[in-house]
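The block underneath contains the structure these notes are about, expressed in structure tokens.
Number of protein chains: 2
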Amino acid sequence: MKCRKCGGRAVLELRRHNTAFCGPDFVTFFRHHVLETVRRWRMFTTDESVLVAVSGGKDSLALWDVLHEGGYRTTGLYIDLGIFDYSRASKARCEAFAAERGLPLRVVAVAEEMGAAIPAVRDATRRPTCSACGLSKRYIMNRAALEGGFPVVATGHNLDDEAATLFGSTLRWDESALARQMPVLGATHAKLARRVKPLFRMSERETAAYAFLRGIDYIVEECPFARGATSIMHKELLNRLEDTSPGSKAMFLQGFLDKARGLFQEREPVVLMECVRCGQTTTGEICAFCKLRDQVKRAMRPTERTAAAVDLPSTEDPPSARGLISDFHAASEIHAP
Amino acid sequence: MKCRKCGGRAVLELRRHNTAFCGPDFVTFFRHHVLETVRRWRMFTTDESVLVAVSGGKDSLALWDVLHEGGYRTTGLYIDLGIFDYSRASKARCEAFAAERGLPLRVVAVAEEMGAAIPAVRDATRRPTCSACGLSKRYIMNRAALEGGFPVVATGHNLDDEAATLFGSTLRWDESALARQMPVLGATHAKLARRVKPLFRMSERETAAYAFLRGIDYIVEECPFARGATSIMHKELLNRLEDTSPGSKAMFLQGFLDKARGLFQEREPVVLMECVRCGQTTTGEICAFCKLRDQVKRAMRPTERTAAAVDLPSTEDPPSARGLISDFHAASEIHAP
Numbered sequence: 000m001k002c003r004k005c006g007g008r009a010v011l012e013l014r015r016h017n018t019a020f021c022g023p024d025f026v027t028f029f030r031h032h033v034l035e036t037v038r039r040w041r042m043f044t045t046d047e048s049v050l051v052a053v054s055g056g057k058d059s060l061a062l063w064d065v066l067h068e069g070g071y072r073t074t075g076l077y078i079d080l081g082i083f084d085y086s087r088a089s090k091a092r093c094e095a096f097a098a099e100r101g102l103p104l105r106v107v108a109v110a111e112e113m114g115a116a117i118p119a120v121r122d123a124t125r126r127p128t129c130s131a132c133g134l135s136k137r138y139i140m141n142r143a144a145l146e147g148g149f150p151v152v153a154t155g156h157n158l159d160d161e162a163a164t165l166f167g168s169t170l171r172w173d174e175s176a177l178a179r180q181m182p183v184l185g186a187t188h189a190k191l192a193r194r195v196k197p198l199f200r201m202s203e204r205e206t207a208a209y210a211f212l213r214g215i216d217y218i219v220e221e222c223p224f225a226r227g228a229t230s231i232m233h234k235e236l237l238n239r240l241e242d243t244s245p246g247s248k249a250m251f252l253q254g255f256l257d258k259a260r261g262l263f264q265e266r267e268p269v270v271l272m273e274c275v276r277c278g279q280t281t282t283g284e285i286c287a288f289c290k291l292r293d294q295v296k297r298a299m300r301p302t303e304r305t306a307a308a309v310d311l312p313s314t315e316d317p318p319s320a321r322g323l324i325s326d327f328h329a330a331s332e333i334h335a336p
Numbered sequence: 000m001k002c003r004k005c006g007g008r009a010v011l012e013l014r015r016h017n018t019a020f021c022g023p024d025f026v027t028f029f030r031h032h033v034l035e036t037v038r039r040w041r042m043f044t045t046d047e048s049v050l051v052a053v054s055g056g057k058d059s060l061a062l063w064d065v066l067h068e069g070g071y072r073t074t075g076l077y078i079d080l081g082i083f084d085y086s087r088a089s090k091a092r093c094e095a096f097a098a099e100r101g102l103p104l105r106v107v108a109v110a111e112e113m114g115a116a117i118p119a120v121r122d123a124t125r126r127p128t129c130s131a132c133g134l135s136k137r138y139i140m141n142r143a144a145l146e147g148g149f150p151v152v153a154t155g156h157n158l159d160d161e162a163a164t165l166f167g168s169t170l171r172w173d174e175s176a177l178a179r180q181m182p183v184l185g186a187t188h189a190k191l192a193r194r195v196k197p198l199f200r201m202s203e204r205e206t207a208a209y210a211f212l213r214g215i216d217y218i219v220e221e222c223p224f225a226r227g228a229t230s231i232m233h234k235e236l237l238n239r240l241e242d243t244s245p246g247s248k249a250m251f252l253q254g255f256l257d258k259a260r261g262l263f264q265e266r267e268p269v270v271l272m273e274c275v276r277c278g279q280t281t282t283g284e285i286c287a288f289c290k291l292r293d294q295v296k297r298a299m300r301p302t303e304r305t306a307a308a309v310d311l312p313s314t315e316d317p318p319s320a321r322g323l324i325s326d327f328h329a330a331s332e333i334h335a336p
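Right, here's the structure in full:
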């Protein structure tokens with residue numbers, strides 16, 4: 000198979016685009032698409048400072064790489080979830096990435112903000128772990144952006160992530176979730192930073208290929224708590240559709256944005272106020288993060304509280320955190336002729 | 000496992016309802032739900048004559064049985080597609096069902112209306128077979144209703160059928176298809192009969208169990224031309240969701256009807272006229288059925304035309320029509336304790 004651009008040997012076939020590329024031309028193709036997405040959706044300009052939320056995985060580090068190489072002013076934000084070895088390894092990847100490029104990286108630990116790391120939050124609440132973790136990340140991202148003077152936070156959500164989220168919301172016909180499914184969430188309050196997803200048109204496989212070809216050292220393992228998550232099953236179902244009919248995921252997501260998103264609205268008009276505890280935005284008196292922090296505080300005995308906050312060494316890892324899963328196939332695939 | 004109603008031995012577990020029934024109580028449960036659907040959606044009254052489109056399969060014969068036993072005035076309509084042994088066997092099931100109950104059955108052959116049976120139509124057009132066949136069935140159903148003085152046609156579409164159709168339309172965000180996804184399609188023109196789907200809340204497995212428990216002799220094989228159809232893959236994907244989370248299909252379909260259907264509208268307002276050839280409704284000058292008939296006529300040589308119209312014996316069956324597929328599992332399942 001030949002590269003569509005230069006006629007040289009292709010390393011990656013993109014069935015949904017009915018094309019193939021050599022390594023360098025794929026890197027160019029990928030960057031072009033991401034930067035075009037940033038411009039077309041008016042995500043941010045070169046005058047703005049962008050806070051890039053990085054997890055140490057392929058998507059967010061690929062995003063940071065593209066934005067930095069594209070001439071944007073970027074700062075990384077690593078949120079330390081305190082999930083044992085998984086968090087230690089992913090933090091190290093972010094620090095190495097930033098150090099190699101001389102880019103600033105901010106680190107905020109959930110344990111400091113919440114009083115306990117995610118494993119203890121998991122034990123303290125009946126809320127699904129991914130939900131409590133997502134809430135914490137969104138809260139910390141926004142606060143870090145406000146405190147650091149960043150008007151915009153960019154996250155590494157890719158096409159597969161966005162299509163799976165849309166799939167879940169559509170199965171439930173969750174009007175509020177459908178109304179919010181956008182690659183750009185504008186700042187609707189002075190205390191909200193704009194949130195953007197510049198990779199929403201790039202598939203997980205494409206993002207993995209980019210990170211690999213750019214020699215980015217990223218963490219391949221998935222979060223041990225994500226195992227069995229509904230979103231993973233939804234991704235598998237969408238992958239089956241994509242195998243049979245390449246382009247299905249993009250058609251599903253883009254078709255929604257073009258034809259249906261505008262039809263859905265938040266069930267109740269949202270009036271944002273400031274949390275009486277922390278000053279961040281909320282629809283009630285106390286924000287969801289502060290409520291969760293209270294819940295965690297109540298559930299923990301004093302001795303546990305100290306231990307959880309300092310993130311004990313890996314001898315304390317629960318069985319579910321050992322033997323992390325890997326779902327990475329792309330790195331080997333892209334070398335196939 | 001015990002019957003929720005009588006405490007006797009259950010033969011069928013309904014995970015999505017978190018319940019189980021013995022045979023007789025399941026039959027009562029099934030009938031109650033279907034007849035309640037007919038009333039709640041105002042599909043038809045006992046004063047109206049209902050034309051029940053029957054294929055010889057479990058769904059349409061179960062529907063006919065429920066409506067007949069429920070005191071409705073029913074006449075069967077069998078559309079002979081001329082698909083070799085498959086059609087011969089399914090027609091025999093419908094005739095036996097009607098004869099046993101002393102109910103009227105009308106038979107219309109596609110070959111007579113179209114000038115060729117479905118296998119020849121398949122060869123004569125580039126349109127997918129299921130699409131040409133669906134068009135022919137809708138056309139014949141409506142004409143038979145009008146000519147016979149039936150205000151309403153009932154079809155055996157079940158929850159799985161409807162959820163799979165909705166799934167396909169949602170993947171494409173096909174606004175017109177989404178706007179038309181309803182269990183009752185009203186007569187929007189004097190030459191259109193109302194179309195209703197009284198089984199849309201009953202799953203395929205439930206319908207199969209009802210037909211089995213009622214001793215209905217139905218055809219288990221699927222149409223040989225349906226193999227590999229996209230709708231079958233969509234059903235498989237929805238079945239995986241249902242296995243993990245019972246009730247998913249019903250939630251998806253009912254959620255759509257409750258919260259989203261009203262948001263979608265036909266892309267262009269439809270103005271119905273009468274076809275200059277046959278007088279049936281169309282949005283153009285000549286209706287899609289007459290156009291397809293012309294196409295079939297042009298494609299066939301004179302000798303073939305005679306042969307196709309009389310539906311040659313099974314020695315002429317193409318390889319794809321031999322070794323019919325069966326997807327029926329429920330009959331054995333329902334005997335599990």
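From first to last, the protein sequence lines stand for chains A and B. As numbered in numbering that gives the first Met the number 0, residues 0 to 336 make up the first sequence, in order. As numbered in numbering that gives the first Met the number 0, residues 0 to 336 make up the second sequence, in order. For each residue, glycine too, the CB sits at the ideal point set by N, CA and C. It should be emphasised that the depicted structure is a prediction, and the values quoted were computed from it without experimental measurement.
Straight-line measurement puts the Cα of lysine 258(B) at about 39 Å from the Cα of phenylalanine 96(B). By the 16-neighbour rule on beta-carbons within 10 angstroms, glycine 56(B) is buried. In the structure shown, valine 295(B) falls within a helical segment according to DSSP collapsed to helix, strand and coil.
When the five nearest sequence neighbours on each side are left out, the beta carbons in the same chain lying within less than 8 Å of the beta carbon of methionine 272(B) are those of Thr280, Thr281, Thr282, Gly283, Glu284, in order along the chain.
Of all C-beta pairs linking the segment 38-51 of chain A to the segment 141-155 of chain A, three or more are shorter than 8 Å, placing the two stretches in contact.
In this structure, DSSP gives glutamate 146(B) a helical state, which the three-state scheme calls helix. Residues of chain B whose Cβ lies closer than 9 Å to the Cβ of methionine 250(A) are, in chain order, Leu170, Arg171, Trp172.
Proximity of chain B to phenylalanine 96(A) at the Cβ level (cut-off 8 Å) is not reached, the minimal Cβ distance being about 36 Å. DSSP lists Arg72(B) as the bridge partner or partners of serine 48(B).
Here arginine 87(A) is not near isoleucine 218(A), since their CB atoms are 8 Å or more apart.
Counting only the Cα atoms, methionine 140(B) lies some 20 Å from arginine 126(B). Close CB contacts of phenylalanine 29(A) within its chain, under the 6 Å cut and outside five residues either way in sequence, are with Tyr209 (chain order).
Within the DSSP bridge table, the entry for tyrosine 77(A) names Val53(A), Val106(A) as partners. When DSSP states are grouped into helix, strand and coil, leucine 184(A) belongs to the strand group. Within 7 Å of the CB of glycine 246(A), no CB atom of chain B is found; the nearest one sits about 11 Å away. The straight-line gap separating the alpha-carbon atoms of glutamate 220(B) and leucine 80(B) is approximately 15 Å. The segment 120-135 of chain A makes no contact with the segment 264-271 of chain A, as fewer than three CB pairs between them are under 8 Å. Straight-line measurement puts the Cα of alanine 110(A) at about 25 Å from the Cα of threonine 73(A).
Short of 6 Å from the beta carbon of leucine 13(B), and not among the five residues preceding or following it, lies no beta carbon of its own chain. At a cut-off of 8 Å, the C-beta of alanine 259(B) has a neighbouring C-beta in chain A. In its own chain, leaving out the 5 sequence neighbours on each side, no residue places its CB closer than 7 Å to the CB of alanine 98(A).
Residue environment: alanine 115(B) is assigned as buried (16 or more neighbouring CB atoms within 10 Å of its CB, all protein chains considered).
Along the segment 111-138 of chain A, the alpha helix (DSSP H) occurs as fully enclosed runs of 4 or more residues at 117-123, listed in sequence order.
By the C-beta density criterion, lysine 136(A) is buried, having at least 16 other C-beta atoms within 10 angstroms.
Short of 8 Å from the beta carbon of leucine 165(B), and not among the five residues preceding or following it, lie these beta carbons of its own chain, in chain order: Leu177, Gln180, Phe251, Leu252, Phe255. Burial is judged here by how many other beta carbons sit within 10 angstroms of a residue's own beta carbon; proline 103(B) has fewer than 16 and is exposed. Cβ neighbours of serine 247(A) within its own chain (closer than 6 Å, five residues either side excluded): Leu240, Glu241. Boundaries cannot be given for glutamate 220(B), as no alpha helix (DSSP H) includes it and DSSP labels it neither H nor E. When the beta-carbon positions are compared, cysteine 129(B) and alanine 225(B) come within less than 8 Å of each other.
Isoleucine 215(B) sits close to aspartate 64(B), with the two beta carbons spaced by under 8 Å. Rounded to the nearest whole angstrom, the CA to CA distance from phenylalanine 211(B) to leucine 60(B) is 11 Å.
Contact note: arginine 239(A) reaches chain B through Met232, Leu236, using a C-beta cutoff of 8 Å and chain order.
Within the segment 261-282 of chain A, those residues whose Cβ lies closer than 8 Å to any Cβ of chain B are, in chain order, Leu262, Phe263.
Around the Cβ of aspartate 293(B), a 10 Å sphere holds fewer than 16 other Cβ atoms; the residue is exposed.
Taking threonine 229(A) as reference, the option from Gly278(A), Ser168(A), Arg200(A), Phe288(A) with the minimal CA-CA separation is Ser168(A). Here histidine 233(A) is buried, its C-beta having at least 16 other C-beta atoms within 10 Å.
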